[in-house]
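Protein chains in written order, with the working numbering: chain A, 1 to 340; chain B, 1001 to 1340.
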């Protein structure tokens, strides 16, 4: 029985909660997985803690009205750090907001959980990208698991794929489409839309923020590239080491010219071992139509791992979404369960 | 320390052996994996058994001349079943030849290993396709692992992907390109070659057998579809239940017409849940160029899993090769090691 504490209970946390409720019986039967939620603390929605277990359905209901603290009989009013200190949870699910510059307050949550020997499962890019090595070391020192599948391509397996299904391979390069918004825009430009119109449509559909800078200038993909470099390739790459160009310089004419030449513009995140060094970049590239990345359209993401034993292996799947990202946390919980 | 016995020591077994030698230190360091080979028995190359361990490098050398029985100081002259009975191996690696009609003698090897509580790791399609349920039950009853990644897409993770990285999902459909030879032929027909010339080239390159029936009539893909249906989807599909059509009826003209319509012919293996039933087929289909399967050219394979939480997830990788198939056995050994 895993005892779970949610730090942050927004879209992603609720996404996991809904899956946990919906699949409770089947997860027990097919995966031998049982859970109990013992604490939830959210910056805006309040908190509830009961080390004997909370009713997850009731928590979801209260969260919808932003009133987790109304949970009857629970300890309330605890902030994230107090919650981590007082909970008897085995696993802390850190899904608070991400700050890619300071990594706070999530990094403090990470440390507080791991220092207490609690496993940490997260979708939080900030601390994972910036302090990967330190967090991994802290986890190891405290015999806790640090799992972060959802920091890269939502629940599409890339971290777990590398760890469990490509183990034993030397990976010399990882390249792929790591940002759904820019891929959606580029796919629509191929259909004849201008950059401006394609961006507008992405914003209307909720794929792009009002300020789209993080996506279109490649900062979101950059954080993911850093996580892949550090985790899968064991490289010391920091954000400032990544050669980054966004898609704002690509015109409809560029897209047409590429198509005429049998090519397709994609924003490609890449980590590559070259001699002793590892180089990382996020840049628009013209890929051949025979490349598995070429057929990846819309908001879908994809990654190709260059391996010594299998050659290139590509995985294609969703890069965002409530259920899709919530699932990334579930697969990490199941991995902890499997390892006993 | 895993003690390994090889039943069969042809291309695939030697492929694994070479990887085990080459990666001995790194597998120990990075995956905590240590091994010792205690027995090898091959139908044509002879056998050697020493429960204190054999020198794998020497075994490979002797195998090259077909003289495993020349191993100095080892017990020799044992057939496969005698080897399984006498070895103290923890894991039997069954890579003898496959018979898709009777599954023998591999099925007897499978049973002999599992009945003794030895883990079974295999690339052998025959017994895996025909007797999946019985073998799984026997493994469970004897607390042994039955692992068969290499029966479907060589070392490209599909079985392990479903088990470890897509766990918790309900999979409603699996479809993909499961035969490299036919995909190579279809890809070359798109370049303007006739079926006859494309087949000839595949034969010259060693992709296709002198008698190409198993590939071009879809029997190879059929066995893989049956394994996916039984293992990933838990369905009772047998070879005779699969609706099968090969690629021999596709003309150069068909290929051209499809291309003009923005489509591409692929031999698609499919397992689909429909209401309470599961249907399986192997058939040429025209796929849209936006389908991740469309860009999979040459001898590469690919599978798309339709999942309830992630939507479609596609994996693309090699479907054959000495190293590539040898690796499928390694990842299964590592999975056993990880589960402790």
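Note that CB positions come from ideal geometry on N, CA and C, so glycine has one too.
- For residue 300(A), the enclosing beta strand (DSSP E) begins and ends at 300 to 307.
- Interface residue (Cβ-Cβ distance to chain B less than 9 Å): residue 260(A) is not classified as such.
- Apart from the 5 residues on each side of it in sequence, residue 298(A) sits with its Cβ closer than 8 Å to the Cβ of 180, 183, 184, 187 in its chain, given in chain order.
- Under the Cβ distance rule, residue 1330(B) counts among the residues neighbouring chain A, one pair being separated by less than 9 Å.
- Taking all protein chains shown into account, residue 1034(B) has fewer than 16 neighbouring C-beta atoms within 10 Å of its C-beta and is therefore exposed.
- DSSP places residue 1154(B) outside both helix and strand once states are collapsed to three, so it counts as coil.
- A straight-line Cα-Cα distance of about 12 Å links residue 1036(B) and residue 1049(B).
- Listed in chain order, the beta strand (DSSP E) runs fully inside the region 157 to 206 of chain A are 171 to 177, counting runs of at least 3 residues.
- Among the residues facing chain B, residue 160(A) is included, as its CB has a counterpart in that chain under 9 Å away.
- For residue 268(A), the enclosing beta strand (DSSP E) stretches over residues 263 to 274.
- When Cβ pairs closer than 8 Å are counted between the two stretches, the region 1308 to 1324 of chain B is seen to touch the region 1149 to 1165 of chain B, the count reaching three or more.
- Here residue 1109(B) is not bridged, per DSSP, to any residue.
- Contact check for residue 21(A) against residue 60(A) passes: the beta carbons are separated by less than 9 Å.
- With a beta-carbon spacing of about 15 Å, residue 1304(B) and residue 1289(B) fall beyond the 8 Å limit used to define contacts.
- Within the model, the alpha-carbon separation for residue 32(A) versus residue 232(A) is close to 28 Å.
- In this structure, residue 1144(B) sits near residue 1117(B), with a CB-CB distance shorter than 9 Å.
- Residue 8(A) counts as buried, since at least 16 other C-beta atoms from the protein chains shown sit within 10 angstroms of its C-beta.
- Using beta-carbon distances, residue 1194(B) does not count as an interface residue toward chain A, since no partner is under 9 Å.
- As the crow flies, the alpha-carbon of residue 227(A) is around 40 Å from that of residue 1274(B).
- For residue 282(A), the number of other beta carbons within 10 angstroms of its own is at least 16, and it is reported as buried.
- In the DSSP assignment, residue 1314(B) falls outside any alpha helix (DSSP H) and within the unbroken beta strand (DSSP E) covering 1311 to 1318.
- The beta-carbon of residue 1104(B) is placed no less than 9 Å from the nearest beta-carbon of chain A.
- In the DSSP assignment, residue 120(A) is bridged to 92(A), 146(A).
- Taken residue by residue, none of the region 1081 to 1101 of chain B has a beta-carbon sitting less than 7 Å from a beta-carbon on chain A.
- For residue 295(A), the nearest CB of chain B lies under 9 Å from its own CB, placing it at the interface with that chain.
- DSSP, reduced to helix, strand and coil, places residue 4(A) within a strand of the structure shown.
- Identification of chain A residues near residue 1164(B) by a Cβ-Cβ cut-off of 7 Å yields 160, 164, 165, ordered along the chain.
- Taking the C-beta atoms as reference points, residue 249(A) is found no nearer than 9 Å to residue 212(A).
- The CB of residue 1137(B) never comes closer than 9 Å to any CB in chain A; the least such distance is about 16 Å.
- Contacts with chain B (Cβ-Cβ distance below 7 Å) from the region 313 to 328 of chain A involve 313, 314, 315, 316, 317, 318, 323, 324, 327, listed in chain order.
- For residue 97(A), the secondary structure class from DSSP, reduced to helix, strand or coil, is coil.
- For residue 1044(B) and residue 1063(B), the gap between their C-alpha atoms comes out near 10 Å.
- When secondary structure is reduced to three states using DSSP, residue 235(A) falls in the coil class, being assigned neither helix nor strand.
- Among the residues facing chain A, residue 1292(B) is included, as its CB has a counterpart in that chain under 9 Å away.
- When the five nearest sequence neighbours on each side are left out, the beta carbons in the same chain lying within less than 7 Å of the beta carbon of residue 1325(B) are those of 1012, 1015, 1123, 1150, 1154, 1155, in order along the chain.
- For residue 1285(B), the uninterrupted beta strand (DSSP E) run begins and ends at 1277 to 1288, by DSSP.
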